[in-house]
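Per the working numbering, the very first residue in the sequence shown carries number 1; after that it's consecutive. Quick reminder that beta carbons are idealized off the backbone N, C-alpha and C, glycines included.
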Amino acid sequence: MSGGWNGRTVPSGQHCTLFGGNGKTPPMKVSGLPKGTEWIHAEFNERSYKPLSRNGGHGVIGYPVKGNAANLPANSTSLPGGAKVIKAARASGKYASRGYLPPCSGGRGNQYFADLKAVGKGGKVLGQARVELGRY
């Protein structure tokens with residue numbers, strides 16, 4: 001990860017607008033992808049809040065892959081380079097989002113992580129890894 005993301009603490013300002021932030025997805029470089037990978041699906045989750053703790057509770061963003069590596073750029077409202085929303089965040093009410101929901105616990109120390117899935121033809125998952133994003 002880059003852009004101030006260190007896996008321990010969510011960087012200043014990278015939380016939701018409800019708490020004064022302007023969060024974007026964390027930029028990441030993924031390498032060593034399995035042969036046949038066409039997409040990386042980044043499933044963003046919040047371990048500390050069960051309803052959003054798995055299967056992309058904070059949204060799933062798909063990034064197209066060429067070769068055996070991919071750059072997952074930071075994004076908020078626009079999706080660069082053919083990236084697309086696979087599944088919107090499951091939060092509702094004032095927390096609702098049409099895509100990625102940045103950390104939005106109000107600074108209570110909740111834990112956030114992303115499951116990165118290498119996806120091939122027909123949506124087959126070829127490999128996966130978990131990345132700790134940090135606490136907010």
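Note on LYS117: 16 or more other CB atoms within 10 angstroms of its CB, so buried under the neighbour-count rule. Per DSSP, TYR63 is one residue of the beta strand (DSSP E) stretching across 60-64. At least 8 Å separates the beta-carbon of TYR95 from that of GLY59. The C-alpha of LEU33 lies about 30 Å from the C-alpha of ASN22. Contact between the segment 38-51 and the segment 6-22 is not established, with fewer than three Cβ pairs separated by less than 8 Å. Counting only the Cα atoms, PRO64 lies some 32 Å from GLY109.
LEU18 carries a helical assignment under DSSP once its states are collapsed to helix, strand and coil. By the neighbour-count criterion, in which a residue is buried when 16 or more other Cβ atoms sit within 10 angstroms of its Cβ, GLY56 is buried. Of all alpha-carbon atoms in LYS121, TRP5, GLY36, the one lying nearest the alpha-carbon of LYS29 is that of TRP5. Contact annotation: ALA69 and PRO26 have beta-carbon atoms that are not nearer than 8 Å. Just so you know, the alpha carbons of GLY81 and ALA88 end up roughly 19 Å apart.
Judged by beta-carbon spacing, ILE61 lies within the 8 Å limit of ALA42, meaning their Cβ atoms are closer than that value. At the C-beta level, GLY93 and THR9 stay beyond 8 Å of one another.
A direct Cα-Cα distance of roughly 12 Å separates ARG130 from ARG54.
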